[in-house]
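Undergrad: In the working numbering, the protein residues as written are 961 to 1212. Positions of the beta carbon are idealized from the N, C-alpha and C atoms, including for glycine. These numbers were taken from a predicted model, which means no experiment stands behind them.
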Amino acid sequence: MDTSTIQNLLEKLRSSTAFASIAGVAPPNFSDPEATSSSTPHPEPHPQTPQPSSIDSNVSSRISSLLSRLRDPGPAEPTLAPSVAAETTIVDYTYPEEIEPEVQIPKVRVPSPPKKPDPRSMSYVESLSTVEALLKDPTCSGVLLGLQAEQRQLEQRLWESREAITSRYTSRLKTTQDKTTENDETQNDMERELRRFDVETALPAWDALVKKQQQTMENLGVPMMFPTTDLTSRTRQQRLVRVIEEGLVDEM
961 MDTSTIQNLL
971 EKLRSSTAFA
981 SIAGVAPPNF
991 SDPEATSSST
1001 PHPEPHPQTP
1011 QPSSIDSNVS
1021 SRISSLLSRL
1031 RDPGPAEPTL
1041 APSVAAETTI
1051 VDYTYPEEIE
1061 PEVQIPKVRV
1071 PSPPKKPDPR
1081 SMSYVESLST
1091 VEALLKDPTC
1101 SGVLLGLQAE
1111 QRQLEQRLWE
1121 SREAITSRYT
1131 SRLKTTQDKT
1141 TENDETQNDM
1151 ERELRRFDVE
1161 TALPAWDALV
1171 KKQQQTMENL
1181 GVPMMFPTTD
1191 LTSRTRQQRL
1201 VRVIEEGLVD
1211 EM
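1) Check whether the Cβ atoms of T1099 and G1181 sit closer than 8 Å, and answer yes or no.
2) Tell me, please, whether the CB atom of S964 is closer than 8 Å to any CB atom in chain D?
3) Please go through the same chain and pick out, in chain order, the residues whose beta-carbon is closer than 8 Å to the beta-carbon of R1199, but skip the five residues on each side of it.
4) Report the rounded CA-to-CA distance for V1201 versus K1076, giving the unit in angstroms.
5) In the DSSP assignment, find the alpha helix (DSSP H) that holds R1132 and state where it starts and stops.
6) Just to confirm my understanding: we take N1107, look at its own chain, exclude 5 residues before and 5 after, and list those with CB closer than 7 Å. What are they?
7) I'd like to know if the stretch 1153–1165 and the stretch 1178–1193 are in contact, where contact means that at least 3 CB-CB pairs between them fall below 8 Å.
8) Less than 8 Å between C-beta atoms, sequence neighbours within five positions excluded: which residues of the same chain meet that for V1103?
9) How far does the alpha helix (DSSP H) with V1170 in it extend, from its first residue to its last?
10) Under three-state DSSP, which class holds F1157?
Dropping the structure here:
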């Protein structure tokens, strides 16, 4: 603010009623002086007014305070940030598509497939239909015929070995026919050797063949067939083997 502007402002302050009330001086009267003096024949005594020096000093201090406020408005009042709630928020709302009513599908209980019977525990009657189907299969019937031929070969070999032992001792018995003691000893020797042959040769070879037959037929799916030495199970197997042998004869 320049000096001329401040002087004009001071002149306006001095001539205002507000300034007069602050300084304790009556505002100037710009009416006709003659009319004033004629209307007041006997002037009344005025109260003692302050000395000009004290008035000027008081006025100057107040004017200086006003000017300092004009020049330095002071710290600006903080501006409150706009309330978050006052802000206008635009929400992009998308209407959901029309939802079709859920179709209730009735639950249907699907029956579980029947469990296949365990071939090992099938009865003789239940096994017949399976054996009949296997015999009609060329591959299965060929394997069964091979087992049958292998058994016949083993039987023939064991019989021939046993016959050789018997023949050897029979010839010795003929030479000792008149000698009872030697004849008895020869007979005992023959029986001991035959028993040793059966235990050490024939039975192990036969058991090995039976086990092989049981395992092979189980692999083919023949019921009741599996490696076992149980007497009851072996009896059931032998009954079914006779049916298989008869079926192989018919297929040949």
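TA: According to the data block:
1) Mapped onto the sequence shown, residue 1099 falls at position 139. Mapped onto the sequence shown, residue 1181 falls at position 221. Cβ atoms of T1099 and G1181: not closer than 8 Å.
2) Absence of chain D from the displayed structure is noted, only one protein chain being present.
3) Looking up residue 1199 in the sequence shown gives position 239. So the qualifying residues of the chain are Y1084.
4) To locate residue 1201, count along the sequence shown from 1; it is residue 241. To locate residue 1076, count along the sequence shown from 1; it is residue 116. Distance between the alpha carbons of V1201 and K1076: 22 Å.
5) In the sequence shown, residue 1132 corresponds to position 172, counting from 1. Per DSSP, R1132 belongs to the alpha helix (DSSP H) from P1098 to T1135.
6) Start at 1 with the first residue of the sequence shown, and residue 1107 comes out as number 147. Strictly speaking, residue 1107 in this sequence is Leu, with Asn absent from that position. Same-chain partners within the cutoff: Q1173 and T1176.
7) no
8) Indexing the sequence shown from 1 puts residue 1103 at position 143. So the list reads T1176 and L1180, once near-sequence residues are dropped.
9) Walking along the sequence shown from the start, residue 1170 turns up at place 210. It spans L1163 to L1180 - the alpha helix (DSSP H) in which V1170 sits, taken as one unbroken run.
10) For the purposes of this step, residue 1157 is taken as residue 197 along the sequence shown, with counting starting at 1. Reduced to three states, the DSSP call for F1157 is helix.
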